[in-house]
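Its first residue numbered 6, the sequence shown is counted upward by one per residue in the working numbering. The beta carbon of each residue, even a glycine, is placed where N, CA and C say it ideally should be. Quantities reported herein were computed from a predicted structural model and do not represent experimental measurements.
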Amino acid sequence: MDDRKPNIIDDLIAMLGEKAVLRKADDTKSYLSDWHNRFHGAAHAVVLPVSTAQVSEIMAYAKKHNIVVVPQGGNTGFMGGATPDKSGNTILLSLRRMNKVRDCDAKNMSMTVEAGCILQNLQDVAENEGLYFPLNLAAKGSCTIGGNLGTNAGGLNVVRYGTARALTLGLEVVLMGGEILDMLSGLRKDNTGYDLKDLFIGSEGTLGIITAATMRLFPIPVSVSTAFAEVRDVDAAVELLQKVQAASGGMVEAFELIPADIMHVLFESFPDIQLPLAKIGDMNVLMEIGSTNPADNEPDGNGSAPIQNIMESVLANAFEEGLVIDATIANSDAQRDALWEVRESAPESHKRAGKVVRSDVALTQSALAPFYADMVAGIKAIDSNIRICGYGHIGDGNLHFNLVQAAGGDPEFDAKTPKLLELIYSKVTKYGGSISAEHGIGQAKRDQLVEVKSPAIINTMKAIKAALDPKNLMNPGKVI
Ligand SMILES: Cc1cc2nc3c(=O)[nH]c(=O)nc-3n(C[C@H](O)[C@H](O)[C@H](O)COP(=O)(O)OP(=O)(O)OC[C@H]3O[C@@H](n4cnc5c(N)ncnc54)[C@H](O)[C@@H]3O)c2cc1C
6 MDDRKPNIID
16 DLIAMLGEKA
26 VLRKADDTKS
36 YLSDWHNRFH
46 GAAHAVVLPV
56 STAQVSEIMA
66 YAKKHNIVVV
76 PQGGNTGFMG
86 GATPDKSGNT
96 ILLSLRRMNK
106 VRDCDAKNMS
116 MTVEAGCILQ
126 NLQDVAENEG
136 LYFPLNLAAK
146 GSCTIGGNLG
156 TNAGGLNVVR
166 YGTARALTLG
176 LEVVLMGGEI
186 LDMLSGLRKD
196 NTGYDLKDLF
206 IGSEGTLGII
216 TAATMRLFPI
226 PVSVSTAFAE
236 VRDVDAAVEL
246 LQKVQAASGG
256 MVEAFELIPA
266 DIMHVLFESF
276 PDIQLPLAKI
286 GDMNVLMEIG
296 STNPADNEPD
306 GNGSAPIQNI
316 MESVLANAFE
326 EGLVIDATIA
336 NSDAQRDALW
346 EVRESAPESH
356 KRAGKVVRSD
366 VALTQSALAP
376 FYADMVAGIK
386 AIDSNIRICG
396 YGHIGDGNLH
406 FNLVQAAGGD
416 PEFDAKTPKL
426 LELIYSKVTK
436 YGGSISAEHG
446 IGQAKRDQLV
456 EVKSPAIINT
466 MKAIKAALDP
476 KNLMNPGKVI
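1. Excluding five sequence neighbours on each side, which residues of the same chain lie with their C-beta closer than 7 Å to the C-beta of Arg237?
2. The beta strand (DSSP E) that contains Pro264, what's its start and end?
3. Quick check: does the Cβ of Leu98 come within less than 6 Å of any heavy atom belonging to ligand 1?
4. Considering only their Cβ atoms, is the gap separating Leu140 from Leu172 smaller than 7 Å?
5. With Leu404 and Val243 assumed to form a contact (beta carbons below 8 Å), what rounded beta-carbon distance in angstroms separates them?
6. Here's the rule I'm using: 16 or more other beta-carbon atoms within 10 Å means buried, otherwise exposed. How should Ser337 be labelled?
7. Look up Tyr137 in the DSSP assignment and say whether it is helix, strand or coil.
8. Which residues in the same chain as Ser309 place their Cβ atom closer than 8 Å to its Cβ, once the five residues preceding and following it in sequence are excluded?
9. Label Pro299 either buried or exposed according to how many other C-beta atoms from any shown protein chain fall within 10 Å of its C-beta, with 16 as the threshold for buried.
10. Taking three-plus beta-carbon pairs below 8 Å as touching, is the region 115-123 in contact with the region 207-225?
11. Helix, strand or coil: how does DSSP classify Leu478 here?
12. Report yes or no: do three or more beta-carbon pairs, one from the region 179-193 and one from the region 444-461, lie closer than 8 Å?
13. Using beta-carbon positions only, say whether Gly402 and Ala367 come within less than 7 Å of one another.
14. What number of angstroms, rounded off, separates the C-alpha of Tyr377 from the C-alpha of Asn42?
15. Whose CA, out of Glu443, Gly121 and Ala335, lies closest to the CA of Gln279?
16. Which of helix, strand or coil does DSSP assign to Glu209?
17. Which class does His269 belong to by DSSP, given the choice of helix, strand or coil?
18. What span of residues does the beta strand (DSSP E) with Tyr396 cover, start to end?
19. Per the contact definition of three or more C-beta pairs closer than 8 Å, is the region 71-78 in contact with the region 93-102?
20. DSSP three-state label for Ala339, please.
21. Between Gly160, Cys122 and Leu204, which has its C-alpha nearest Ile150's C-alpha?
22. Check Ser190 in the structure and name its three-state DSSP category.
23. Give the C-beta separation of Asp365 and Ala442 to the nearest angstrom, bearing in mind that I take them to be a contact with Cβ-Cβ under 8 Å.
24. Compute the Euclidean distance between the alpha carbons of Asn407 and Asp277, then round it to the nearest angstrom.
25. Return yes when the Cβ of Val164 is within less than 7 Å of the Cβ of Val130, no when it is not.
26. Pick from Thr197, Gln128 and Leu136: whose alpha carbon is nearest that of Lys112?
27. Give the range of the beta strand (DSSP E) segment to which Gly152 is assigned.
28. Counting only runs of 4+ residues fully inside the region 423-471, write out the alpha helix (DSSP H) ranges in chain order.
29. Would DSSP call Asp331 helix, strand or coil?
30. For the structure I just gave you, are there three or more beta carbon pairs, one from the region 185-200 and one from the region 153-164, closer than 8 Å?
31. Please determine if the region 226-235 and the region 283-302 are in contact, where contact requires at least 3 C-beta pairs separated by less than 8 Å.
32. Cβ of Ala120 within 6 Å of any heavy atom in ligand 1?
33. Taking only heavy atoms of ligand 1 into account, decide whether any of them is closer than 6 Å to the Cβ of Gly167.
34. What I want to know is whether the C-beta of Pro375 ends up closer than 6 Å to one or more non-hydrogen atoms of ligand 1.
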């Protein structure tokens, strides 16, 4: 056995080359804190391997010398999962340079890509092949497919296509110690034993490093209709979703809830964003349906395309029934982009609004409206000036229930935070929901996880972790 203390930096440079090992504070700074600037850590170095073989070498070295490894993609995660602790005994392994598309099999409607590929680039690659990769989030210009799989990302189109997990056919993973699990495959059916890939998806880098994945592709929804509607309340939004699903034959691509406070907070930071309707309604939805048939986009005798007719008739009926108060349908790509800008700028506006209590909850469709009403009553009892930004992917039961401090700031907000968090978690439990719909656990919700999961479930998770990473070197302090 070699007992000499390793010279970690020299060894990493020997493995990866000088340029792939960042040490200077200026170079490593952006990797060592998270998107919200809430979590800060330290590392021996940030390393940027270019191949699975290099990742394997780093992992073998880390295990041998008891060094922690924290994987990172685009560093857009919300839970501090990609930020190391402050000890400094960490190699921060950024996958950003592993960004090759290994194969795009148009016939099989799948592509095999490296973990560091930026989500937006994968959408573009699919489109160039005449296909569609439906994973879509506002961070698509900087998040990576490895991070998307690490967190089992959701985003805007889950209502139709499912989460990142549902889009995955195969995976390549490097374990702590360097062993490579080649589970890359374009098969849609494969019942040969335990489905190990599902264990790594959503494990937030605590079980192994995802180095590549085979992802499903779809036909492009070439005919699209997008509408913004003021609805009576959350219950009406849920009813409207069912109506539009039924009328379109399940073509709902996205269905997002947008309460008034989302727009009030938004316009503080982005005053030039176009108001979708004449006035800001209390509760609104942004919805999109999509068909893969180009004929659905061809104007009929009245000058209106079939896809628009579906949207118009759903909205007209919902208006008659009192579910919808006002609505607009985009008539051009520019109008569609303007409607989406309202939704997609919300996370950035919350970042700029200063103090925010954030949550990412999932509920059944039947529990959404009572949960929402209960939350509003509870928040108002704590402080009626808090901006209630319970918004997001209501089509799949996911709300980002963010509570933003009063306009102009609130020096007492920190003191109210524990009460607000307690309110959120107690209501999620009451309505049988989840405390993390799509953002994961990271270090931010680790303590809450043990509160909401049974000891049997936590112990099973710990047993899996111990089996794959007995020295607890894979992104420790995250998830469990
Ligand atoms: C503006 C904005 C909007 C967002 N909207 C959404 C949304 O709608 N839906 C949603 O789900 N999320 C959303 N997010 C959160 C974030 O973008 C996602 O969690 C995304 O999947 C993270 O990808 P990343 O490459 O940035 O991962 P990182 O932040 O780098 O890492 C996230 C986690 O995955 C692990 N990880 C990263 N790469 C790997 C790998 N190769 N192997 C194993 N583990 C790995 C990390 O250790 C960490 O635990 C949003 C973020 C922003 C900034």
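Based on what the coordinates show:
1. Locating residue 237 in the sequence shown gives position 232, counting from the first residue. Gly327, Leu328 and Ile330.
2. Indexing the sequence shown from 1 puts residue 264 at position 259. Unbroken beta strand (DSSP E) run through Pro264: Val257 to Pro264.
3. Taking the sequence shown and counting its residues from 1, one reaches residue 98 at position 93. No - ligand 1 has no heavy atom lying nearer than 6 Å to the Cβ of Leu98.
4. As a working note, residue 172 is residue 167 in the sequence shown. As a working note, residue 140 is residue 135 in the sequence shown. A contact, by the Cβ cut-off of 7 Å.
5. Taking the first residue of the sequence shown as 1, we reach residue 404 at position 399. Taking the first residue of the sequence shown as 1, we reach residue 243 at position 238. That belief does not hold up - the Cβ atoms of Leu404 and Val243 are roughly 12 Å apart, past 8 Å.
6. Looking up residue 337 in the sequence shown gives position 332. Exposed, since its Cβ has fewer than 16 Cβ neighbours within 10 Å.
7. Indexing the sequence shown from 1 puts residue 137 at position 132. Residue state, collapsed to three classes: strand.
8. Translated into the one-based positions of the sequence shown, residue 309 becomes position 304. Excluding positions up to five away in sequence, the list reads Glu317.
9. Translated into the one-based positions of the sequence shown, residue 299 becomes position 294. Around the beta carbon of Pro299, fewer than 16 other beta carbons lie within 10 angstroms, which makes this residue exposed.
10. With a cut-off of 8 Å, the region 207-225 and the region 115-123 count as touching, because enough Cβ pairs lie within range.
11. Here residue 478 refers to the residue found at position 473 of the sequence shown. In the structure shown, the three-state DSSP call for Leu478 is coil.
12. Flag = no, the region 179-193 and the region 444-461 do not touch.
13. Looking up residue 402 in the sequence shown gives position 397. Looking up residue 367 in the sequence shown gives position 362. If you check the CB distance, Gly402 and Ala367 come in under 7 Å.
14. For the purposes of this step, residue 377 is identified with residue 372 of the sequence shown, where counting begins at 1. For the purposes of this step, residue 42 is identified with residue 37 of the sequence shown, where counting begins at 1. So the alpha carbons of these two residues sit roughly 29 Å apart.
15. The count along the sequence shown starts at 1 and reaches residue 279 at position 274. When Glu443, Gly121 and Ala335 are compared, the shortest CA-CA separation from Gln279 is found for Ala335.
16. Looking up residue 209 in the sequence shown gives position 204. Three-state DSSP puts Glu209 in coil, outside helix and strand.
17. Counting from 1 along the sequence shown, the entry for residue 269 is found at position 264. Residue state, collapsed to three classes: helix.
18. Here residue 396 refers to the residue found at position 391 of the sequence shown. Bounds of the beta strand (DSSP E) holding Tyr396 are Arg392 to Tyr396.
19. Verdict: yes, contact present.
20. Counting from one through the sequence shown, the residue named residue 339 turns up at place 334. In this structure, Ala339 counts as helix in the three-state DSSP scheme.
21. Mapped onto the sequence shown, residue 150 falls at position 145. Distance check between Ile150 and each of Gly160, Cys122 and Leu204 places Cys122 closest, using alpha-carbon atoms only.
22. On the sequence shown, position 185 is the one that residue 190 refers to. Of the three classes helix, strand and coil, the one that applies to Ser190 here is coil, per DSSP.
23. Your numbering for residue 365 matches position 360 in the sequence shown. Your numbering for residue 442 matches position 437 in the sequence shown. Taking a contact as a CB-CB distance under 8 Å, the pair Asp365 and Ala442 counts as one, their CB atoms being some 5 Å apart.
24. Here residue 407 corresponds to residue number 402 of the sequence shown, with the count starting at 1. Here residue 277 corresponds to residue number 272 of the sequence shown, with the count starting at 1. Rounded to whole angstroms, Asn407 to Asp277 spans 23 Å at the Cα level.
25. The sequence position of residue 130 within the sequence shown is 125, counting from 1. The sequence position of residue 164 within the sequence shown is 159, counting from 1. With contacts defined as CB atoms closer than 7 Å, Val130 and Val164 fail to qualify as a contacting pair.
26. Within the sequence shown, the letter at position 107 stands for residue 112. Closest option to Lys112, Cα to Cα, is Leu136.
27. Within the sequence shown, residue 152 is the residue found at index 147, counting from 1. Premise fails: Gly152 lies in the alpha helix (DSSP H), Ile150 to Thr156, not in any beta strand (DSSP E).
28. DSSP runs (the alpha helix (DSSP H)) wholly in the region 423-471: 451-457.
29. In the sequence shown, counting from the first residue as 1, residue 331 sits at position 326. Residue state, collapsed to three classes: strand.
30. The count of Cβ pairs closer than 8 Å, one atom from the region 185-200 and one from the region 153-164, stays below three, leaving the stretches out of contact.
31. With a cut-off of 8 Å, the region 283-302 and the region 226-235 count as touching, because enough Cβ pairs lie within range.
32. The residue given as residue 120 occupies position 115 in the sequence shown. Because some heavy atom of ligand 1 lies under 6 Å away, the Cβ of Ala120 counts as near it: yes.
33. Reading the sequence shown from its first residue, position 162 is the one you call residue 167. No, since every heavy atom of ligand 1 falls outside the 6 Å radius drawn around the Cβ of Gly167.
34. Taking the sequence shown and counting its residues from 1, one reaches residue 375 at position 370. The answer is no for Pro375.
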